[in-house]
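Colleague: Heads up, the sequence shown is in our numbering, so the first residue is 353 and it goes up one at a time.
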Amino acid sequence: MASYQAPPISDSKKEQVEVTPSFDVDDTHEKGIVSSELPEKFIIPTEEEERRLVRKQDRVLMPMMMLIYLFFDLDGITLGNSKLAGLMEDIDITGDQFNWAASAFSFGFILCEVPANMLLQNFGARKWLSMTMFLSSIILASIASVHNGKGLIAGRFFLGCVQAAVFPGLVYYVSLWYTRKEQGARMAWFLVMGSVGSAVGGIVAYGIMFMDYTRGLRAWRWIFIIIAIPTFLVAVIVFLVLPDTPERQKRFLSPREREIAIYRLAKEKGAGSQEHFSWERFKSVFKDWKVWVFAAINVTCMVPIVSLGIFMPSIVKGMGFSNLTAQGMSAPPWVAAMIGMIVISWHSDKRGERGIHVFLFCMLACVGYLLLIVLVDRGWVALYVSAIIATFCVFAANPPRVAWVANSFGDPTKKGIAIAFISSCASIGSVIGGQIYREDDKPLYIRGHAIALAFSGVTALLSLLLKILLRRENKRRDALSSEQYQKESHKVGDDVMYHSLLQRITA
Numbered sequence: 353m354a355s356y357q358a359p360p361i362s363d364s365k366k367e368q369v370e371v372t373p374s375f376d377v378d379d380t381h382e383k384g385i386v387s388s389e390l391p392e393k394f395i396i397p398t399e400e401e402e403r404r405l406v407r408k409q410d411r412v413l414m415p416m417m418m419l420i421y422l423f424f425d426l427d428g429i430t431l432g433n434s435k436l437a438g439l440m441e442d443i444d445i446t447g448d449q450f451n452w453a454a455s456a457f458s459f460g461f462i463l464c465e466v467p468a469n470m471l472l473q474n475f476g477a478r479k480w481l482s483m484t485m486f487l488s489s490i491i492l493a494s495i496a497s498v499h500n501g502k503g504l505i506a507g508r509f510f511l512g513c514v515q516a517a518v519f520p521g522l523v524y525y526v527s528l529w530y531t532r533k534e535q536g537a538r539m540a541w542f543l544v545m546g547s548v549g550s551a552v553g554g555i556v557a558y559g560i561m562f563m564d565y566t567r568g569l570r571a572w573r574w575i576f577i578i579i580a581i582p583t584f585l586v587a588v589i590v591f592l593v594l595p596d597t598p599e600r601q602k603r604f605l606s607p608r609e610r611e612i613a614i615y616r617l618a619k620e621k622g623a624g625s626q627e628h629f630s631w632e633r634f635k636s637v638f639k640d641w642k643v644w645v646f647a648a649i650n651v652t653c654m655v656p657i658v659s660l661g662i663f664m665p666s667i668v669k670g671m672g673f674s675n676l677t678a679q680g681m682s683a684p685p686w687v688a689a690m691i692g693m694i695v696i697s698w699h700s701d702k703r704g705e706r707g708i709h710v711f712l713f714c715m716l717a718c719v720g721y722l723l724l725i726v727l728v729d730r731g732w733v734a735l736y737v738s739a740i741i742a743t744f745c746v747f748a749a750n751p752p753r754v755a756w757v758a759n760s761f762g763d764p765t766k767k768g769i770a771i772a773f774i775s776s777c778a779s780i781g782s783v784i785g786g787q788i789y790r791e792d793d794k795p796l797y798i799r800g801h802a803i804a805l806a807f808s809g810v811t812a813l814l815s816l817l818l819k820i821l822l823r824r825e826n827k828r829r830d831a832l833s834s835e836q837y838q839k840e841s842h843k844v845g846d847d848v849m850y851h852s853l854l855q856r857i858t859a
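(1) With a threshold of 7 Å on Cβ separation, who are the neighbours of Ile696 within its own chain once the five nearest residues in sequence on each side are excluded?
(2) Does DSSP put Phe591 in a helix, in a strand, or in coil?
(3) Quick check on DSSP: helix, strand or coil for Trp641?
(4) Would you call the region 756-770 and the region 432-450 touching, i.e. three or more CB-CB distances under 8 Å?
(5) Determine, using beta carbons only, whether Tyr736 and Phe542 come nearer to each other than 8 Å.
(6) Taking the straight line between their C-alpha atoms, what separation do you get for Asp448 and Phe591?
(7) Using a Cβ cut-off of 8 Å (strictly closer), state whether Ser775 contacts chain C.
(8) My output table needs one value for Leu569: the three-state DSSP class, helix, strand or coil.
(9) Would you decide whether Trp631 is buried or exposed? Buried here means 16 or more other CB atoms lie within 10 Å of its CB.
(10) Starting from the C-beta of Ile784, find all residues in its chain whose C-beta is less than 7 Å away, skip the five residues before and the five after it, and write them out in chain order.
(11) Taking the alpha-carbon of Val668 as reference, which of Leu605, Phe459, His801 has the nearest alpha-carbon?
(12) Exposed or buried, which one is Ile612 when buried takes at least 16 other CB atoms within 10 Å?
(13) Less than 8 Å between the C-beta atoms of Phe423 and Ala493, yes or no?
(14) Distance, Cα to Cα, Lys619 vs Ser834?
(15) Could you spell out the range, first to last residue, of the alpha helix (DSSP H) harbouring Glu402?
(16) Over the uninterrupted alpha helix (DSSP H) stretch that includes His499, give me the two end residues.
(17) Is Leu471 closer than 8 Å to Leu594 when the C-beta atoms are compared?
(18) Can you give me the C-alpha to C-alpha distance between Ala587 and Leu817, rounded to a whole angstrom?
(19) Measuring only the C-alpha atoms, how far is Cys777 from Gly768?
(20) Whole angstroms is fine: what's the gap from Ile798's alpha carbon to Asp792's?
(21) Taking 8 Å as the cut-off, decide whether the C-beta atoms of Gly460 and Phe519 are in contact.
(22) According to DSSP, is Phe394 helix, strand or coil?
(23) So what's Phe562 in DSSP terms, helix, strand or just coil?
(24) Which whole-angstrom value describes the C-beta separation of Tyr558 and Leu676, a residue pair presumed to lie in contact below a C-beta threshold of 8 Å?
(25) Spatial neighbours of Val687 within its chain, please: CB distance less than 6 Å, with the 5 preceding and 5 following residues excluded, ordered by chain position.
(26) Within its chain, find whatever has a CB closer than 7 Å to the CB of Ala477; leave out the 5 residues flanking it on each side and keep chain order.
(27) Between Phe584, Gln535, Glu465, Met417, which lies nearest to Met485 when the distance is taken from Cα to Cα?
(28) Classify Val322: buried if its beta carbon has 16 or more other beta carbons within 10 angstroms, exposed otherwise.
(29) For Val719 and Gly692, I'd like the C-alpha separation in whole angstroms.
(30) Cα-Cα, which of Leu724, Glu402, Asp425 is closest to Glu609?
(31) If we ignore side chains and look at the alpha-carbon of each, how far apart do Leu814 and Thr652 end up?
(32) Leaving out the 5 sequence neighbours to the left and right, which residues in its chain are closer than 6 Å to Leu504 when beta-carbon positions are compared?
(33) Please report how far the alpha carbon of Phe450 lies from the alpha carbon of Arg570, in whole angstroms.
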């Protein structure tokens with residue numbers, strides 16, 4: 353092992369301040385992140401400089417991420433809207449076939465999520481995400497031409513394969529540009545677009561219902577065609593505009609801003625965090641107990657998330673509305689979800705806390721589902737308000753949960769693989785979510801609501817357990833002696849921080 357001394361760093365008054373944290377790096381790694389990406393004499397940025405940089409990043413990066421996730425969600429929920437627009441009758445499929453078409457998307461996710469996210473790290477976000485959106489538009493247009501259940505299931509499966517990189521890719525992408533404290537709010541903003549997409553999808557589907565048999569095509573086919581066109585345009589915009597990483601970006605950042613961006617992240621990642629793949633890092637993901645607990649949480653939480661995304665129009669119709677009215681009435685619950693994600697993610701970032709936020713709102717989601725079950729005889733208003741409560745709480749817990757995963761792994765390579773693996777496990781929950789609202793359970797879907805309630809409760813309990821375990825881990829790290837620190841800092845993974853401190857995991 354070779355010892356490396358970080359280069360001297362200057363303060364904002366240009367006085368040379370020697371900062372010499374010592375890193376131990378193996379023979380493969382000749383330089384730490386700080387030395388390889390920053391100049392020999394670097395002026396520490398002021399708080400105002402950092403704030404200006406973050407605002408600039410927000411102006412450039414957030415609209416792009418929000419646009420990508422908006423159409424990612426729209427692409428995924430078209431099936432639910434199409435159900436009320438004549439899909440099942442037109443291609444003569446059963447309720448079971450429809451449910452399998454809903455789940456086929458998630459099977460594609462499970463198969464492709466980890467390799468897709470590894471390829472994203474190699475090719476860069478701009479090329480990989482733009483290709484993803486381009487292929488999505490082609491597949492959506494192809495689904496509009498299917499004539500049987502097999503074609504629909506195949507189209508949904510391939511759509512899931514292609515879009516497997518989008519969600520974990522965006523989570524990973526946020527971690528390449530923002531510090532841990534900043535990530536939750538930024539993830540919330542693109543996750544919010546999922547609710548916006550669901551709301552917009554309902555409104556668009558309402559309008560498209562009036563196009564039934566236009567040019568001989570049923571309304572459900574027009575839904576897929578009309579969503580495919582802007583998805584293609586987004587692919588072009590992403591390819592032309594989206595930057596990859598601060599290290600590779602020279603277009604929208606000045607040289608000084610680029611150095612500040614690298615410095616901010618280097619403080620958190622540490623010199624031991626190298627952005628290259630190795631099988632040792634790959635294996636370290638599956639030896640980390642945090643990965644498995646997060647995976648379990650993501651499986652259980654995705655059941656209510658996905659089931660609401662696909663079946664909201666059907667749930668609303670079951671309250672006594674027509675197909676046309678149900679399309680429009682499915683939008684307000686998503687507006688509530690959007691508000692919940694914005695407010696709760698802001699509060700989670702402000703408090704620097706994730707676990708209790710996830711626990712609390714998963715428990716409140718249980719209350720919403722319980723009301724949907726016990727108020728079946730109280731009329732559509734009570735049921736509709738209960739659906740809004742459940743949707744608000746299910747999605748309010750989402751940004752803190754996603755940020756929690758990204759905050760818990762420091763090494764960039766390990767983080768990328770862990771996020772992809774955890775997200776692929778979440779797709780198991782997505783498969784289940786596509787099955788819980790069955791045709792033989794309509795119109796009130798009592799059984800589906802009960803299953804969603806149970807999974808929300810399990811998510812809450814697992815989140816509380818993880819909160820307790822991470823607090824214990826932080827106490828253990830705080831109590832390490834210098835000798836114990838040196839021993840642990842040689843491990844591959846997420847434990848080494850820039851200033852010779854073991855990272856405290858956000859709990």
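The C-beta atom is built at its ideal place from N, Cα and C for all residues, glycine as well. Given the structure is predicted, the values throughout are model-derived calculations rather than measurements.
Modeller: Let's see:
(1) His709, Phe713, Ala748, Pro751, Pro752
(2) helix
(3) helix
(4) no
(5) Taking 8 Å as the Cβ cut-off, Tyr736 and Phe542 do not qualify as a contacting pair.
(6) 39 Å
(7) The displayed structure is made up of one protein chain only, and chain C is not part of it.
(8) It is a strand residue.
(9) exposed
(10) Val655
(11) His801
(12) Residue environment analysis places Ile612 among the buried positions, since at least 16 neighbouring C-beta atoms fall within 10 angstroms of its C-beta.
(13) no
(14) Our two residues, Lys619 and Ser834, have alpha carbons roughly 20 Å apart in a direct line.
(15) 399-435
(16) For His499, there is no enclosing alpha helix (DSSP H), since its DSSP letter is neither H nor E.
(17) no
(18) 41 Å
(19) 14 Å
(20) One Cα belongs to Ile798, the other to Asp792, and the distance between them is close to 11 Å.
(21) no
(22) strand
(23) helix
(24) 7 Å
(25) Ala551
(26) Gly521, Tyr525, Leu594, Asp596
(27) Phe584
(28) Outside the displayed span of the chain (353 to 859) sits residue 322, for which this structure offers no information.
(29) Taking the CA atoms as reference points, Val719 sits about 16 Å from Gly692.
(30) Glu402
(31) CA-to-CA, the gap between Leu814 and Thr652 works out to about 9 Å.
(32) Ala453, Val498
(33) 17 Å
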